[in-house]
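J.: Reading the sequence shown from the start, the letters are residues 9 to 385 in this note's numbering.
Positions of the beta carbon are idealized from the N, C-alpha and C atoms, including for glycine.
A single structure is presented below for examination.
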Amino acid sequence: MSDDPDCQDLTGLPTRPEAEPARASPPAVPRAKPPHPPRSRGTAAAAALVPGLTLVLVLAAASTVVGKAFPLVGGPVTGIVLGVLLAALKKPGARLRPGIGFASKRILQASVVLLGSQLSLAQIVHVGVGSIPVMVGSLVVCLTAAYGIGRWLGIVGDLRTLIGVGTGICGASAIAAAAPVIGAAGVEVAYAVSTIFLFNVAAVLTFPLLGHLLGMSQHSFGLFAGTAVNDTSSVVAAATSYGQTAGDYAVVVKLTRSLMIIPICLGLAWLVRRRDRAAAQGTARPRLQVVKLVPVFLIGFLLMTTANSLGVIPAAAHHGLSELSVFLITVALSATGLSTDLAALRRTGPRPLVLGACLWVVVSVTSLVLQFLTGSL
9 MSDDPDCQDL TGLPTRPEAE PARASPPAVP RAKPPHPPRS RGTAAAAALV
59 PGLTLVLVLA AASTVVGKAF PLVGGPVTGI VLGVLLAALK KPGARLRPGI
109 GFASKRILQA SVVLLGSQLS LAQIVHVGVG SIPVMVGSLV VCLTAAYGIG
159 RWLGIVGDLR TLIGVGTGIC GASAIAAAAP VIGAAGVEVA YAVSTIFLFN
209 VAAVLTFPLL GHLLGMSQHS FGLFAGTAVN DTSSVVAAAT SYGQTAGDYA
259 VVVKLTRSLM IIPICLGLAW LVRRRDRAAA QGTARPRLQV VKLVPVFLIG
309 FLLMTTANSL GVIPAAAHHG LSELSVFLIT VALSATGLST DLAALRRTGP
359 RPLVLGACLW VVVSVTSLVL QFLTGSL
């Protein structure tokens with residue numbers, strides 16, 4: 009007899025335990041269709057740029073139309089002003105930021121590369137050796153004054169550098185070239201461009217009167233306007249109001265002056281890299297590598313300038329490339345305006361405007377003095 013009570017029936021006889029009922033097999037689940045293949049990382053990144061880039065392009069197109077109607081203001085300045093106003097009304101959300109950031113950095117660099125198509129070594133020969141000391145001397149004095157006066161006013165290094173190169177070289181184009189080299193913030197770019205613009209307007213209104221007061225010739229006034237006014241539109245406005253000959257010569261001087269972007273950006277890149285490496289290594293002497301020193305977009309600028317000097321770029325393409333370069337600068341500065349921190353702009357205060365005013369006077373006086381010393385006044 010089994011000792012297991014569960015295996016006995018009522019008669020006491022052992023019985024075989026009942027087998028467990030077989031479990032039903034689970035119902036067949038229909039096989040799902042394979043999902044669509046995921047987008048590649050590059051495609052997803054490109055798609056993320058579309059909303060912000062669309063907004064920036066629309067803003068730049070509107071700014072270009074306004075700039076054509078009011079050449080003294082120009083598209084780039086209009087773009088940054090409209091961008092700041094839109095940012096004040098409603099700050100761009102996360103969906104728009106990737107495209108805006110791309111425009112403010114990559115498109116800005118592309119605009120500088122295209123700027124090289126307007127410059128050539130032949131222009132330096134055309135301007136003449138006598139004009140080079142005035143341009144170089146004005147630039148050296150301007151950058152020195154920007155450093156000294158800027159420190160005295162307590163303005164941070166990047167902002168005073170941008171105002172210095174903008175005043176000493178070629179306004180918004182020089183600021184566009186220098187900003188990525190030194191890693192300047194968008195608010196600093198916005199303030200520097202606005203400051204340069206204000207004194208461009210002042211130059212257009214006052215320089216022709218000053219030229220007539222001093223009895224300057226067409227040639228000397230063209231040199232004065234080309235070295236002491238910044239953006240090309242303002243140079244044309246100031247010089248052509250004095251005379252067509254002065255206007256033609258001033259534009260050539262202004263474009264030649266733009267070549268100073270090359271050595272200035274190289275010098276800034278060297279200083280920034282030296283500072284960063286010194287900060288990382290304490291007091292160790294930094295060892296600079298030339299390949300890492302030169303920004304890629306500046307190499308593109310040099311190649312474009314060389315191609316233009318060799319005649320590779322046809323003359324018929326110059327106007328179109330110039331318009332495209334200005335439009336890309338407008339796109340980049342519109343994006344900079346949209347990403348501007350207005351609170352930081354207000355905290356900066358009026359000191360950068362004071363620096364801009366001082367540098368405007370310094371460059372103007374230096375240009376006239378150097379022209380007098382070289383006999384070209």
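Can you look up Val369 in the DSSP assignment and give me helix, strand or coil?
T.: Residue mapping note: residue 369 aligns to position 361 of the sequence shown, counting from 1. Three-state result, Val369: helix.
J.: Is it right to say Leu239 is buried, meaning 16 or more other beta carbons lie within 10 angstroms of its own, or is it exposed?
T.: The residue labelled residue 239 in the question sits at position 231 within the sequence shown. The residue asked about is misnamed: residue 239 is Asp in this sequence, not Leu. Under this definition Asp239 is a buried residue.
J.: Examine the Cβ distances between the region 90-101 and the region 245-265 and report whether three or more of them are shorter than 8 Å.
T.: no
J.: Compute the Euclidean distance between the alpha carbons of Thr175 and Arg49, then round it to the nearest angstrom.
T.: Taking the first residue of the sequence shown as 1, we reach residue 175 at position 167. Taking the first residue of the sequence shown as 1, we reach residue 49 at position 41. Thr175 and Arg49: Cα-Cα distance of roughly 42 Å.
J.: Which residue spans inside the region 61-100 form an unbroken alpha helix (DSSP H) run of at least 4?
T.: 83-97
J.: Quick check: what's the CA-CA separation for Ala340 versus Leu147?
T.: Taking the sequence shown and counting its residues from 1, the one referred to as residue 340 is at position 332. Taking the sequence shown and counting its residues from 1, the one referred to as residue 147 is at position 139. Their backbone Cα atoms lie some 25 Å apart in a straight line.
J.: Is Leu381 buried or exposed, if buried means 16 or more other CB atoms sit within 10 Å of its CB?
T.: Looking up residue 381 in the sequence shown gives position 373. By the neighbour-count rule (16 or more Cβ atoms within 10 Å), Leu381 is not buried but exposed.
J.: My output table needs one value for Arg103: the three-state DSSP class, helix, strand or coil.
T.: Residue mapping note: residue 103 aligns to position 95 of the sequence shown, counting from 1. Coil, per DSSP.
J.: Going straight from the alpha carbon of Ile88 to that of Thr344, what length do you get?
T.: Position 80 of the sequence shown, counting from 1, holds the residue named residue 88. Position 336 of the sequence shown, counting from 1, holds the residue named residue 344. In this model, Ile88 and Thr344 are separated by some 7 Å (Cα to Cα).
J.: Please work out which residues of its chain come closer than 7 Å, Cβ to Cβ, to Leu57, disregarding the five sequence neighbours upstream and downstream, and give them in chain order.
T.: The residue given as residue 57 occupies position 49 in the sequence shown. Same-chain partners within the cutoff: Pro106, Gly107 and Phe110.
J.: Considering Cα atoms alone, identify which of Thr374, Val120, Ala323 and Pro358 is closest to Tyr2.
T.: Nothing about residue 2 can be read from this structure; the chain reaches only from 9 to 385.
J.: Please say whether Gln131 and Leu304 have beta carbons closer to each other than 9 Å?
T.: As a first step, residue 304 is located in the sequence shown; it is residue number 296 there, counting from the start. As a first step, residue 131 is located in the sequence shown; it is residue number 123 there, counting from the start. For the sequence presented, residue 304 should be read as Val rather than Leu. No, they are not a contact pair.
J.: Which same chain residues, not among the five before or five after Ser384, have their C-beta less than 8 Å away from its C-beta?
T.: Here the question's residue 384 lines up with position 376 in the sequence shown. Cβ within range, chain order: Gly138, Ser139, Val142, His227, Ser228 and Leu231.
J.: Which class does Asp256 belong to by DSSP, given the choice of helix, strand or coil?
T.: As a first step, residue 256 is located in the sequence shown; it is residue number 248 there, counting from the start. The three-state reading of DSSP puts Asp256 in helix, counting H, G and I together.
J.: Checking 9 Å against the spacing of the C-beta atoms, do Val164 and Thr348 come in under that value?
T.: Looking up residue 164 in the sequence shown gives position 156. Looking up residue 348 in the sequence shown gives position 340. Taking 9 Å as the Cβ cut-off, Val164 and Thr348 do not qualify as a contacting pair.
J.: Only counting the same chain, and skipping five residues up and downstream in sequence, which positions put a Cβ closer than 7 Å to that of Ser244?
T.: Indexing the sequence shown from 1 puts residue 244 at position 236. In the sequence as displayed, the identity of residue 244 is Val instead of Ser. Once the five neighbours on either side are set aside, the close Cβ partners of Val244 are Gly255 and Val259.
J.: For the alpha helix (DSSP H) that contains Ile171, what are its first and last residues?
T.: In the sequence shown, the residue the question calls residue 171 occupies position 163. Gly165 to Val173 is the span of the alpha helix (DSSP H), which, as asked, contains Ile171.
J.: Does DSSP classify Ile204 as helix, strand or coil?
T.: Counting from one through the sequence shown, the residue named residue 204 turns up at place 196. Judged by DSSP in its simplified three-state form, Ile204 adopts helix.
J.: Report back the beta-carbon spacing between Phe205 and Ala365 to the nearest angstrom; my notes put them in contact at under 8 Å.
T.: Here residue 205 corresponds to residue number 197 of the sequence shown, with the count starting at 1. Here residue 365 corresponds to residue number 357 of the sequence shown, with the count starting at 1. Cβ atoms of Phe205 and Ala365 stay farther apart than 8 Å, at about 13 Å.
J.: Out of Gly60, Arg114, Val120 and Pro188, which has the shortest C-alpha to C-alpha gap to Arg281?
T.: Your numbering for residue 281 matches position 273 in the sequence shown. Nearest in C-alpha terms to Arg281, of all of Gly60, Arg114, Val120 and Pro188, is Pro188.
J.: Taking the Cβ atom as the reference point for each residue, do Val362 and Leu161 lie within a distance shorter than 9 Å?
T.: Reading the sequence shown from its first residue, position 354 is the one you call residue 362. Reading the sequence shown from its first residue, position 153 is the one you call residue 161. Result yes, Cβ atoms of Val362 and Leu161 sit closer than 9 Å.
J.: Pop quiz: Ala182 and Val173 are said to be a contact at Cβ under 8 Å. What is the actual Cβ separation, rounded to whole angstroms?
T.: For the purposes of this step, residue 182 is taken as the residue at position 174 of the sequence shown. For the purposes of this step, residue 173 is taken as the residue at position 165 of the sequence shown. That belief holds up - the Cβ atoms of Ala182 and Val173 are roughly 5 Å apart, short of 8 Å.
J.: Using 10 angstroms around the beta-carbon of Val81, count the other beta-carbons present and answer buried if the total reaches 16, otherwise exposed.
T.: For the purposes of this step, residue 81 is identified with residue 73 of the sequence shown, where counting begins at 1. Counting other Cβ atoms within 10 Å of its Cβ, Val81 reaches 16 or more and is therefore classed as buried.
J.: Quick one: what does DSSP say Leu329 is sitting in, helix, strand or coil?
T.: The residue given as residue 329 occupies position 321 in the sequence shown. Three-state result, Leu329: helix.
J.: Could you check what DSSP says for Leu127 in three-state terms: helix, strand or coil?
T.: Taking the sequence shown and counting its residues from 1, one reaches residue 127 at position 119. Here Leu127 carries a coil assignment [DSSP, helix/strand/coil].
J.: Does Val237 come out as helix, strand or coil in the three-state DSSP assignment?
T.: Your numbering for residue 237 matches position 229 in the sequence shown. Coil at Val237, not helix or strand.
J.: Quick one: measure Cβ to Cβ for Val149 and Thr374, integer angstroms, because I've assumed they're closer than 8 Å.
T.: Translated into positions along the sequence shown, residue 149 becomes position 141. Translated into positions along the sequence shown, residue 374 becomes position 366. With a Cβ gap of about 5 Å, Val149 and Thr374 count as contacting.
J.: CB-CB under 7 Å to His315, same chain, minus the five flanking residues each way: which ones, in chain order?
T.: Locating residue 315 in the sequence shown gives position 307, counting from the first residue. According to the sequence as given, residue 315 is Ala; it is not His. Counting only Cβ-Cβ distances below 7 Å, and skipping sequence neighbours, we find Ile321.
J.: Pull up the distance between the alpha-carbon of Val64 and that of Ala102, whole angstroms please.
T.: Taking the first residue of the sequence shown as 1, we reach residue 64 at position 56. Taking the first residue of the sequence shown as 1, we reach residue 102 at position 94. One C-alpha to the other measures close to 15 Å.
J.: Find out if the Cβ-Cβ distance for the pair Ser125, Ser330 is shorter than 9 Å.
T.: Taking the first residue of the sequence shown as 1, we reach residue 125 at position 117. Taking the first residue of the sequence shown as 1, we reach residue 330 at position 322. Against a cut-off of 9 Å, the Cβ pair of Ser330 and Ser125 comes out as a contact.
J.: What do you get for Lys262, buried or exposed, if any count of 16 or more other CB atoms within 10 angstroms of its CB means buried?
T.: Numbered from its first residue, the sequence shown carries residue 262 at position 254. Answer is buried; the Cβ neighbour count reaches 16.
J.: Could you check which residue in Gly75, Ile115 and Val66 has the C-alpha nearest to that of Leu94?
T.: Locating residue 94 in the sequence shown gives position 86, counting from the first residue. Comparing Cα-Cα distances from Leu94 to each of Gly75, Ile115 and Val66, the minimum goes to Val66.
J.: If Ile270 and Leu310 are in contact, beta carbons under 8 Å, what's the gap, nearest whole angstrom?
T.: The residue given as residue 270 occupies position 262 in the sequence shown. The residue given as residue 310 occupies position 302 in the sequence shown. Between Leu310 and Ile270 the Cβ distance is about 6 Å, and since that is below 8 Å, they are a contact.
J.: Rounded to whole angstroms, what is the Cα-Cα separation between Ala323 and Ala52?
T.: Within the sequence shown, residue 323 is the residue found at index 315, counting from 1. Within the sequence shown, residue 52 is the residue found at index 44, counting from 1. For Ala323 and Ala52, the distance between alpha carbons rounds to 40 Å.
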